[in-house]
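What follows is a set of notes on a single structure, which appears directly below.
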(Lines of atoms letter the chains of each structure in order from A; the text may use other names.)
(Lines give C-alpha, C1' and ligand atoms only; values in the text may rest on other atoms or scores of the structure.)
Protein backbone atom coordinates (compact mmCIF):
# COMPACT_ATOMS: atom_id res chain seq x y z
CA UNK A 1 0.00 0.00 0.00
CA UNK A 2 1.41 3.37 -1.06
CA UNK A 3 1.87 5.83 1.80
CA UNK A 4 2.07 9.60 1.38
CA UNK A 5 2.94 12.51 3.66
CA UNK A 6 0.44 15.36 3.82
CA UNK A 7 0.29 18.57 5.83
CA UNK A 8 -2.84 18.97 7.98
CA UNK A 9 -4.15 22.49 8.65
CA UNK A 10 -7.09 23.29 10.92
CA UNK A 11 -9.50 26.23 10.87
CA UNK A 12 -7.75 28.00 13.74
CA UNK A 13 -4.70 28.55 11.54
CA UNK A 14 -2.42 26.63 13.89
CA UNK A 15 0.85 25.63 12.24
CA UNK A 16 0.30 22.66 9.92
CA UNK A 17 1.67 19.29 10.94
CA UNK A 18 2.78 16.32 8.87
CA UNK A 19 0.90 13.05 8.76
CA UNK A 20 1.73 9.86 6.87
CA UNK A 21 -1.39 8.15 5.49
CA UNK A 22 -2.25 5.48 2.90
CA UNK A 23 -2.98 7.01 -0.51
CA UNK A 24 -5.94 4.64 -0.96
CA UNK A 25 -7.78 5.81 2.17
CA UNK A 26 -11.19 7.40 1.47
CA UNK A 27 -11.48 11.06 2.47
CA UNK A 28 -14.42 10.30 4.78
CA UNK A 29 -12.38 7.71 6.70
CA UNK A 30 -9.37 10.03 6.94
CA UNK A 31 -11.64 12.75 8.35
CA UNK A 32 -12.96 10.37 11.00
CA UNK A 33 -9.52 9.06 12.01
CA UNK A 34 -7.83 12.48 12.17
CA UNK A 35 -10.81 14.08 13.94
CA UNK A 36 -10.90 11.45 16.68
CA UNK A 37 -7.11 11.48 17.12
CA UNK A 38 -6.97 15.28 17.46
CA UNK A 39 -10.21 15.80 19.38
CA UNK A 40 -11.94 17.54 16.48
CA UNK A 41 -14.74 14.94 16.39
CA UNK A 42 -17.07 16.67 18.88
CA UNK A 43 -17.76 20.31 19.69
CA UNK A 44 -17.95 21.90 23.15
CA UNK A 45 -21.56 20.73 23.59
CA UNK A 46 -20.70 17.12 22.67
CA UNK A 47 -22.23 17.22 19.18
CA UNK A 48 -20.50 15.17 16.49
CA UNK A 49 -18.64 17.28 13.93
CA UNK A 50 -17.81 16.44 10.35
CA UNK A 51 -15.26 18.12 8.17
CA UNK A 52 -14.80 18.94 4.55
CA UNK A 53 -11.24 18.75 3.25
CA UNK A 54 -9.77 21.17 0.78
CA UNK A 55 -6.44 20.64 -0.92
CA UNK A 56 -4.61 23.95 -0.78
CA UNK A 57 -2.12 22.62 -3.31
CA UNK A 58 -4.77 22.10 -6.02
CA UNK A 59 -7.45 24.49 -4.63
CA UNK A 60 -9.98 21.67 -4.78
CA UNK A 61 -12.57 20.40 -2.29
CA UNK A 62 -12.19 16.64 -1.86
CA UNK A 63 -15.28 14.44 -2.16
CA UNK A 64 -15.94 12.12 0.78
CA UNK A 65 -16.21 9.00 -1.38
CA UNK A 66 -12.91 9.37 -3.26
CA UNK A 67 -9.52 8.21 -2.07
CA UNK A 68 -6.60 10.57 -1.71
CA UNK A 69 -5.02 8.98 -4.79
CA UNK A 70 -8.22 9.55 -6.80
CA UNK A 71 -8.15 13.20 -5.71
CA UNK A 72 -4.52 13.53 -6.86
CA UNK A 73 -3.29 14.12 -3.30
CA UNK A 74 0.39 13.21 -3.10
CA UNK A 75 3.44 13.94 -0.94
CA UNK A 76 3.57 17.51 0.32
CA UNK A 77 -0.11 18.33 -0.25
CA UNK A 78 -1.67 20.59 2.40
CA UNK A 79 -5.15 19.49 3.48
CA UNK A 80 -7.31 22.14 5.15
CA UNK A 81 -9.95 20.65 7.48
CA UNK A 82 -13.10 22.83 7.50
CA UNK A 83 -15.85 22.05 10.02
CA UNK A 84 -19.30 21.45 8.54
CA UNK A 85 -22.03 22.79 10.79
CA UNK A 86 -24.43 19.92 11.31
CA UNK A 87 -28.18 20.14 11.63
CA UNK A 88 -30.00 17.78 13.98
CA UNK A 89 -33.54 16.49 14.32
CA UNK A 90 -34.59 16.18 17.95
CA UNK A 91 -36.91 13.19 18.38
CA UNK A 92 -39.73 13.14 20.98
CA UNK A 93 -37.51 10.86 23.09
CA UNK A 94 -34.86 13.60 23.17
CA UNK A 95 -32.46 11.70 20.93
CA UNK A 96 -30.67 13.91 18.39
CA UNK A 97 -30.18 12.51 14.90
CA UNK A 98 -27.74 14.32 12.57
CA UNK A 99 -29.01 15.31 9.14
CA UNK A 100 -26.29 14.26 6.76
CA UNK A 101 -28.36 14.58 3.58
CA UNK A 102 -29.51 17.66 1.74
CA UNK A 103 -32.61 19.02 3.53
CA UNK A 104 -34.50 19.21 0.22
CA UNK A 105 -34.08 15.46 -0.29
CA UNK A 106 -35.13 14.68 3.28
CA UNK A 107 -38.31 16.74 2.97
CA UNK A 108 -39.58 14.86 -0.06
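In my numbering, the protein residues as written are 1 to 108.
Built from N, CA and C at the ideal position, the CB exists for glycine as well.
Source: prediction; values computed, not measured.
State the Cα-Cα distance for the pair residue i and residue j, rounded to the nearest angstrom.
{"i": "residue 3", "j": "residue 20", "result": "6 Å"}
{"i": "residue 97", "j": "residue 45", "result": "15 Å"}
{"i": "residue 12", "j": "residue 42", "result": "16 Å"}
{"i": "residue 94", "j": "residue 47", "result": "14 Å"}
{"i": "residue 25", "j": "residue 1", "result": "10 Å"}
{"i": "residue 35", "j": "residue 90", "result": "24 Å"}
{"i": "residue 40", "j": "residue 29", "result": "14 Å"}
{"i": "residue 75", "j": "residue 88", "result": "37 Å"}
{"i": "residue 92", "j": "residue 10", "result": "36 Å"}
So residue i and residue j are supposed to be a Cβ contact under 8 Å. How far apart are they, rounded?
{"i": "residue 15", "j": "residue 8", "result": "About 10 Å separates the two Cβ atoms, so there is no contact after all."}
{"i": "residue 50", "j": "residue 31", "result": "7 Å"}
{"i": "residue 77", "j": "residue 27", "result": "12 Å between Cβ atoms; not a contact."}
So, for residue i: in the same chain, excluding its five sequence neighbours on each side, which residues have a beta-carbon less than 7 Å away from its beta-carbon?
{"i": "residue 52", "result": "61, 82 and 84"}
{"i": "residue 72", "result": "58"}
{"i": "residue 18", "result": "5 and 7"}
{"i": "residue 102", "result": "In this predicted model, residue 102 has a pLDDT of only 44, less than 50, meaning its place in the structure is not dependable enough to derive any value."}
Looking at residue j and residue i, is the spacing between their C-beta atoms short of 8 Å?
{"i": "residue 67", "j": "residue 23", "result": "yes"}
{"i": "residue 64", "j": "residue 79", "result": "no"}
Against chain E, with Cβ distances strictly below 8 Å, would residue i count as a contact?
{"i": "residue 40", "result": "Reference to chain E is not applicable here, since this structure consists of a single protein chain."}
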